[in-house]
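Chains as they are written, first to last, in the working numbering: chain Y, 1 to 313; chain U, 314 to 604. Where a beta carbon is used, it is the ideal one built from N, C-alpha and C, also for glycine. Being a predicted model, the structure only gives us computed values, none of them experimental. Below is one structure, written out as structure tokens; the observations come after it.
The following block contains the structure:
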């Protein structure tokens, strides 16, 4: 998100506007391949998604695709409709997972970044290890933790047994299922946040810490009064990215809990997948997507508004 | 985030931790503790994969009778075309990566160095999609792919990802950082834009292209949701991440076989990561963008 447009762009490729005023085609030929795919799969679906949401669009039965106006949206907000309960349960579940996952994914990442900051032996090694799980597929991460949290034979409950504690049925009880999914997610993705925060930490001039140390500020006070305020812009960015990533939860519950127990870990992407792909109700699924996207955009905007603007995009 | 020098590889002196002896010991203890948290699940996966079925449920970390049975039975199960999945994943990720490098570098060069009508508007449009939640595109793109008759096909998995803007931004940023003199000299010598691009710019960009290539390959190899939608219904066409989910459905409590499958999915990625980790981490640190 920090790949921003730079203001002082230099243009050096000779622009050959022929004397007749013909337009030079070369730049367009350069951008054309990307532009075709961009138009087809990013620009067009933006409108096509909203368009689809105005129809009862049964994917398997082309004869059942009448225009229904805002009906798909109305039923999302009508407590007596079929979709209402499933949709808002999934929204609530997603919100719960955000509350479970975002705080550790940000706070622990700051802690890990501080641990990795500075000059010491083995730094590169630890950084490599911390980031490694992020390079795995969500199915690999989820299957590994699904196995670790198995009630019988799972290593976590073996460990608890040896301490004389009876381990719970992690994946079929609430809130243990959220705890298991959160731990798997933290393990899988926290390296990403850590690296971004670490990079920001390294931008903080050492002279600030030296001056504070001379003034007698201890490590804790230096962290609160120098590190945190200077990290603020990057933290806003990290919180926003993490929030959106958590709102996109899908693979972990798909593998670990199948959305259970009784749909209590079924997040909104899972619901859209069920509605649109498994039940082939594309119109209703498209309407859900639009509502979710609008919600995410509002949350992102509020996040930047309340926690201050960062210089990044 | 600022873009100037902040390679995490340079041992920058950030004095967030005071460097007393006790603090140093504590720091290493915590680092080792967290390292164990990240590594042990991977080791446990590998350990389970080489245990015979009688040991799966036991908590021992060293198998009493290590075996390759899990791998052979996963590979020999006629209902699970694991070798085909591996081939599918390799093909899709490779073709996708090559196409991204070609398409995105061309576009990036135009946006970096050329002046043309509509450039500002188009670039603003690309930027705008960065904030658009990806979920918006899932259903309409699925319908488009179905209309093309591309369900259960490689191109159905590959094509929508080529619309991505990350590679364009990544390479544009790099092209802008190149010294202009070389390109100018080429133009003075009468080279065309195409010649300059292929003979001067691309050779100078091997490092950036390699980094983008590795990241793109990893992202494509790991991708799950879209592949599940497009090829989930045809076992022969599945990729490894989707196949592993199928494996889990089939082998519910055959933990050893499942972990053998998981190992197959993770080993290539971890090897690639170990070889290129400095560049991957550096590009994450500087762009702060998910691939």
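Here's the rule I'm using: 16 or more other beta-carbon atoms within 10 Å means buried, otherwise exposed. How should residue i be labelled?
| i | result |
| --- | --- |
| residue 314 of chain Y | With chain Y running from 1 to 313 in the structure shown, residue 314 of chain Y is simply not present. |
| residue 520 of chain U | exposed |
| residue 205 of chain Y | exposed |
| residue 272 of chain Y | buried |
| residue 373 of chain U | exposed |
| residue 317 of chain U | Here the model assigns residue 317 of chain U a pLDDT of 36, short of 50, so the residue's position is not dependable and the matter cannot be decided. |
| residue 378 of chain U | exposed |
| residue 460 of chain U | exposed |
| residue 549 of chain U | exposed |
| residue 174 of chain Y | exposed |
| residue 381 of chain U | exposed |
Give me the Cα-Cα distance between residue i and residue j, rounded to the nearest whole angstrom.
| i | j | result |
| --- | --- | --- |
| residue 361 of chain U | residue 199 of chain Y | 37 Å |
| residue 86 of chain Y | residue 337 of chain U | 52 Å |
| residue 473 of chain U | residue 40 of chain Y | 8 Å |
| residue 46 of chain Y | residue 428 of chain U | 28 Å |
| residue 369 of chain U | residue 561 of chain U | 15 Å |
| residue 539 of chain U | residue 451 of chain U | 8 Å |
| residue 389 of chain U | residue 403 of chain U | 20 Å |
| residue 291 of chain Y | residue 247 of chain Y | 13 Å |
| residue 522 of chain U | residue 515 of chain U | 8 Å |
| residue 97 of chain Y | residue 178 of chain Y | 7 Å |
| residue 293 of chain Y | residue 446 of chain U | 5 Å |
| residue 254 of chain Y | residue 125 of chain Y | 33 Å |
| residue 277 of chain Y | residue 88 of chain Y | 19 Å |
| residue 371 of chain U | residue 153 of chain Y | 6 Å |
| residue 595 of chain U | residue 386 of chain U | 40 Å |
| residue 468 of chain U | residue 287 of chain Y | 27 Å |
| residue 593 of chain U | residue 229 of chain Y | 28 Å |
| residue 5 of chain Y | residue 600 of chain U | With a pLDDT of only 41 at residue 5 of chain Y, under the threshold of 50, the placement of this residue in the model should not be trusted; the figure read from the coordinates follows. Computed Cα separation, rounded: 13 Å. |
| residue 193 of chain Y | residue 105 of chain Y | 7 Å |
| residue 448 of chain U | residue 233 of chain Y | 26 Å |
| residue 588 of chain U | residue 80 of chain Y | 56 Å |
| residue 477 of chain U | residue 463 of chain U | 19 Å |
| residue 566 of chain U | residue 150 of chain Y | 10 Å |
| residue 533 of chain U | residue 296 of chain Y | 25 Å |
| residue 102 of chain Y | residue 170 of chain Y | 20 Å |
| residue 91 of chain Y | residue 130 of chain Y | 31 Å |
| residue 33 of chain Y | residue 208 of chain Y | 49 Å |
| residue 510 of chain U | residue 213 of chain Y | 52 Å |
| residue 423 of chain U | residue 35 of chain Y | 12 Å |
Report the option in the options whose CA atom is closest to the CA atom of residue i.
| i | options | result |
| --- | --- | --- |
| residue 586 of chain U | U/527, U/519, U/379, U/375 | U/527 |
| residue 282 of chain Y | Y/69, Y/65, Y/173, Y/167 | Y/65 |
| residue 299 of chain Y | Y/255, Y/237, Y/142, Y/279 | Y/237 |
| residue 579 of chain U | U/590, U/562, U/557, U/591 | U/557 |
| residue 109 of chain Y | Y/242, Y/38, Y/136 | Y/242 |
| residue 536 of chain U | Y/135, Y/82, Y/94 | Y/135 |
| residue 279 of chain Y | Y/56, Y/113, Y/93, Y/137 | Y/56 |
| residue 256 of chain Y | Y/146, Y/244, Y/168 | Y/146 |
| residue 583 of chain U | Y/140, Y/34, Y/112 | Y/140 |
| residue 164 of chain Y | Y/170, Y/156, Y/24 | Y/156 |
| residue 210 of chain Y | Y/226, Y/34, Y/196 | Y/226 |
| residue 196 of chain Y | Y/117, Y/75, Y/180, Y/258 | Y/117 |
| residue 185 of chain Y | Y/32, Y/71, Y/250, Y/302 | Y/250 |
| residue 123 of chain Y | U/453, U/364, U/343 | U/343 |
| residue 268 of chain Y | Y/170, Y/223, Y/83 | Y/83 |
| residue 48 of chain Y | U/425, U/380, U/458 | U/458 |
| residue 70 of chain Y | Y/284, Y/296, Y/304, Y/169 | Y/284 |
| residue 113 of chain Y | Y/245, Y/289, Y/202, Y/212 | Y/202 |
| residue 73 of chain Y | Y/99, Y/190, Y/119, Y/289 | Y/289 |
| residue 570 of chain U | U/384, U/335, U/340 | U/384 |
Taking 7 Å as the cut-off, is the CB of residue i close to at least one heavy atom of the ligand PLP?
| i | result |
| --- | --- |
| residue 197 of chain Y | What this structure holds is no ligand at all, so the ligand PLP is not there to describe. |
**Message:** Between the segment 146–166 of chain Y and the segment 209–220 of chain Y, can you find at least three pairs of beta-carbon atoms closer than 8 Å?
**Reply:** No: fewer than three Cβ pairs fall under 8 Å.
**Asked** Three or more beta-carbon pairs under 8 Å between the segment 570–590 of chain U and the segment 505–518 of chain U, yes or no?
**Response** Output reads no: the segment 505–518 of chain U does not touch the segment 570–590 of chain U.
**Message:** For the structure I just gave you, are there three or more beta carbon pairs, one from the segment 546–556 of chain U and one from the segment 388–404 of chain U, closer than 8 Å?
**Reply:** Touching, yes.
**Request:** Inspect the CB distances between the segment 224–238 of chain Y and the segment 339–358 of chain U and report whether three or more fall short of 8 Å.
**Result:** Contact fails: fewer than three Cβ-Cβ distances are below 8 Å.
**Entirely enclosed beta strand (DSSP E) segments - the segment 380–405 of chain U, minimum 3 residues** = Fully enclosed beta strand (DSSP E) runs of 3 or longer: not present.
**Asked** Do the segment 257–272 of chain Y and the segment 45–60 of chain Y touch if we need at least three Cβ pairs shorter than 8 Å?
**Response** At 8 Å Cβ cutoff, the stretches do not touch.
**Item:** Whole alpha helix (DSSP H) elements within the segment 157–243 of chain Y, 4-residue minimum
**Value:** Taken in chain order, the whole alpha helix (DSSP H) runs of length 4 or more contained in the segment 157–243 of chain Y are 176–201, 206–214, 219–222.
**Message:** Ignoring anything shorter than 4 residues, give me the alpha helix (DSSP H) runs that lie fully in the segment 515–570 of chain U, in order along the chain.
**Reply:** As far as the segment 515–570 of chain U is concerned, its whole alpha helix (DSSP H) runs of at least 4 residues are 519–535, 538–544, 553–563.
**Asked** Three or more beta-carbon pairs under 8 Å between the segment 416–434 of chain U and the segment 23–40 of chain Y, yes or no?
**Response** When Cβ pairs closer than 8 Å are counted between the two stretches, the segment 416–434 of chain U is seen to touch the segment 23–40 of chain Y, the count reaching three or more.
**Sequence ranges, alpha helix (DSSP H) only - wholly within the segment 20–47 of chain Y, length at least 4** = Listed in chain order, the complete alpha helix (DSSP H) runs (minimum 4 residues) inside the segment 20–47 of chain Y are 26–38.
**Request:** Please confirm if the segment 475–488 of chain U is in contact with the segment 407–426 of chain U, defined as three or more CB-CB distances below 8 Å between the two stretches.
**Result:** Enough Cβ pairs lie closer than 8 Å, so yes.
**Request:** Taking only runs that begin and end inside the segment 418–460 of chain U, name each unbroken alpha helix (DSSP H) of 4 or more residues, in chain order.
**Result:** Segments of the alpha helix (DSSP H) lying fully in the segment 418–460 of chain U: 432–442, 448–460.
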